[in-house]
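In the UniProt record's numbering, the protein residues as written are 1 to 117. See below for the structure under consideration.
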C-alpha cells in the first residue's frame, strides 16, 4: 500500500555519510567504459585494460575525464587553448588550456576526397 514500509525495506537516509562508500557502493569504482564512434575514432578499438579481479582497477592505459573531454574536442577540431572570457576571466575547454587528447583512439586521417560507396 502507498506510504507503508515493506518488510524488506530498510529505513536509511538517502545521503552518503562516508565518502569511502561513494560510487556504486565500492563496486568497480576504478573501472568504466565509454563507447565512442565517428569523428575519426578507430573502428573496433578497445583502449586500456582492467584487472580481472575485483575491484577491476585500471591496469593499462588509465584515462581521466579531462583526456576524454579533450579527445572529443580534438575530434571536433577544437584546440585545447580554446577559451571563453566570462566576467573578465578565461574559461578553457580543458584545464588551463593544457589538455591532451588520447591520440591512440583515432585511426588514420580520412581522405576527404574519397566517397563512401
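Positions of the beta carbon are idealized from the N, C-alpha and C atoms, including for glycine. Just so it is clear, the structure is predicted and the values come from calculations on it, not from any experiment.
- Buried is the label assigned to residue 93, since at least 16 other Cβ atoms lie within 10 Å of its Cβ.
- Put simply, the segment 79 to 89 does not touch the segment 48 to 56. Fewer than three CB pairs are less than 8 Å apart.
- A Cβ-Cβ distance of about 6 Å is found for the pair residue 58 and residue 31, placing them in contact under the 8 Å criterion.
- Taken in chain order, the whole beta strand (DSSP E) runs of length 3 or more contained in the segment 52 to 80 are 58 to 60.
- Taking C-beta atoms as the reference points, residue 105 and residue 64 fail to come closer than 8 Å.
- Taking the C-beta atoms as reference points, residue 75 is found nearer than 8 Å to residue 39.
- Cβ atoms of residue 66 and residue 95 come within 8 Å of each other, at about 6 Å.
- As computed with DSSP, residue 49 is found in a beta bridge with 60.
- Our two residues, residue 77 and residue 36, have alpha carbons roughly 16 Å apart in a direct line.
- One alpha carbon belongs to residue 61, the other to residue 46, and they sit about 11 Å apart.
- Note: residue 90 is bridge-paired with 85 in the DSSP secondary-structure output.
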